[in-house]
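Shown next, in structure tokens, is the structure this report addresses.
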Amino acid sequence: MTRPVFAQQGAVLGVVHLPPLLGQASCPGVPALRAHALREARELVAGGVHALLLENWRDDVPRPTVDPEAVACLAGLCRDVVAAVEVPVGVNVLPCDARAALAIAVSCGLEFLQLDVFVNRVRTDYSYSKVPPFEFEPDLAAFARWRRDFGAEGVGVLATVHPKHYTTLDGSTLEASTRRAIEHGADAVVVTGAATGSAPDLARVQRVCSAAGDVPVVVGSGVSLENAPTLLPPARAAIVGTAFKSADFAEVYPERVRALVAALAP
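Taken in order, the sequence shown gives residues 153 to 418; the numbers are from my numbering.
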């Protein structure tokens, strides 16, 4: 049986950073969104990434879940990208809309999804957003029910523990959160640094890997040519966005993609 892409050693999951979606004041419109998503997806794939992850990272949302128009818009973009590329595609519905992510994954034929928060009670710490901080704790029973009812058991769940842009409030250790995520259905555990583009230190990655056992660990931020040989292994794969983009995230640099993919090749 072929292992999922996020379980393959040295796999690079390239991030498609989307402009503001429908419902956001600065949304550029669906045609522009589609053109952006397809251009970035094709450029990342041409550089050699093994999978794509679409994120609504420009949306300012004052709660964990997004509005219906954003869900519909993101689903349409995911469907367009799936049709345009030949690598696995996943989605992260920010801030942390697990129900929407599961529904989009099933309806669009996605292979995986990422959840920025899965098992921890947190408070947001969005240095990049105008939205006031808010607290929340995911409903694990509801997640299990949605996954079952939607027929999403085959969709890989990449669960982030003690994630960037959040303060963990429940007092749990990194190891305990890792084990709890796996107990509640995570197919891989994501470990991040403190912010977008910031890498976790090696000790942090090793702690998660030790607690995860045979479950894949994915580095979710800050992977670069300089630190890649140190972090992978012990981690299995990497989610990479910032390292491939211009400072304003408007442009993908294919040579950066090719170089990092080559550096991580097992």
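Idealized CB from N, CA, C, for every residue including glycine.
Kindly indicate which residue of 178, 166, 314, 176 has the alpha-carbon position closest to the one of residue 192. Here residue 192 corresponds to residue number 40 of the sequence shown, with the count starting at 1. Checking every option, the nearest Cα to that of residue 192 belongs to 166.
Within 10 Å of its beta-carbon, does residue 409 have 16 or more other beta-carbons around it, so buried, or fewer, so exposed? Locating residue 409 in the sequence shown gives position 257, where the first residue counts as 1. That one is buried.
Are there 16 or more other CB atoms within 10 angstroms of the CB of residue 397, so buried, or fewer, so exposed? Working through the sequence shown from its first residue, we reach residue 397 at position 245. The residue is buried, with at least 16 neighbouring Cβ atoms inside 10 Å.
Buried or exposed: which applies to residue 300, given that a residue is buried once 16 or more other Cβ atoms fall within 10 Å of its Cβ? Mapped onto the sequence shown, residue 300 falls at position 148. So residue 300 ends up on the exposed side.
Whole angstroms are fine: how far does the CA of residue 276 sit from the CA of residue 153? Here residue 153 corresponds to residue number 1 of the sequence shown, with the count starting at 1. Here residue 276 corresponds to residue number 124 of the sequence shown, with the count starting at 1. Reliability fails at residue 153, whose pLDDT of 49 lies under 50, so the model's placement of it is uncertain and the value that follows must be treated cautiously. Roughly 39 Å between the two C-alpha positions.
Just curious, the beta strand (DSSP E) that residue 420 is in, first and last residue? Because the chain spans 153 through 418 in this model, residue 420 falls outside it and cannot be assessed.
DSSP on residue 217, reduced to helix/strand/coil? In the sequence shown, the residue the question calls residue 217 occupies position 65. Here residue 217 sits in coil by DSSP.
If we require 3 or more residues per run, which beta strand (DSSP E) segments fall completely within the segment 298-371? 308-312, 318-320, 340-343, 369-371
Segment contact, 8 Å Cβ cut-off, at least three pairs: the segment 246-253 with the segment 215-229: yes
Taking the beta carbon of residue 354 as the centre, do at least 16 other beta carbons fall within 10 Å, making it buried, or is it exposed? To locate residue 354, count along the sequence shown from 1; it is residue 202. Per the 10 Å Cβ criterion, exposed.
Cβ-Cβ separation, residue 316 to residue 346 (assumed contact under 8 Å), whole Å: Translated into the one-based positions of the sequence shown, residue 346 becomes position 194. Translated into the one-based positions of the sequence shown, residue 316 becomes position 164. Under the criterion of beta carbons closer than 8 Å, residue 346 and residue 316 qualify as touching, at roughly 6 Å.
Residue from 164, 195, 182, 245 whose Cα sits closest to the Cα of residue 211: Your numbering for residue 211 matches position 59 in the sequence shown. It is 245.
So who's on the other strand from residue 206, going by DSSP bridges? As a first step, residue 206 must be located in the sequence shown, where it is residue number 54. DSSP output for residue 206 lists 168, 243 as bridge partner(s).
For residue 397, which residues does DSSP report across the bridge? Position 245 of the sequence shown, counted from the start, is the residue given in the question as residue 397. The partner list for residue 397 (beta bridge, DSSP) reads 404.
How do the segment 253-265 and the segment 175-192 stand: do at least 3 beta-carbon pairs fall below 8 Å, yes or no? Contact annotation: the segment 253-265 does not touch the segment 175-192, with fewer than three C-beta pairs closer than 8 Å.
Measure the Cβ-Cβ separation of residue 265 and residue 228 and say whether it is below 9 Å. By 1-based counting over the sequence shown, the position of residue 265 is 113. By 1-based counting over the sequence shown, the position of residue 228 is 76. Cβ distance not < 9 Å, so residue 265 and residue 228 don't count as in contact.
For residue 232, which residues from the same chain have a beta carbon less than 7 Å from its beta carbon, with the 5 sequence-adjacent residues on both sides left out? Within the sequence shown, the letter at position 80 stands for residue 232. Same-chain partners within the cutoff: 186, 189, 190.
When you compare the segment 170-177 with the segment 377-397, are there three or more beta-carbon pairs, one atom per stretch, that lie closer than 8 Å? These segments do not touch.
9 Å Cβ cutoff met for residue 415 and residue 370: Sequence index remark: in the sequence shown, residue 415 carries index 263 (1-based). Sequence index remark: in the sequence shown, residue 370 carries index 218 (1-based). Not closer than 9 Å, so no.
Buried or exposed: where does residue 407 fall if 16 or more other Cβ atoms within 10 Å of its Cβ makes it buried? To locate residue 407, count along the sequence shown from 1; it is residue 255. Label assigned to residue 407: exposed.
Can you check whether the CB of residue 287 is closer than 9 Å to the CB of residue 321? Residue 321 sits at position 169 when you count from the first residue of the sequence shown. Residue 287 sits at position 135 when you count from the first residue of the sequence shown. The answer is yes: Cβ separation under 9 Å.
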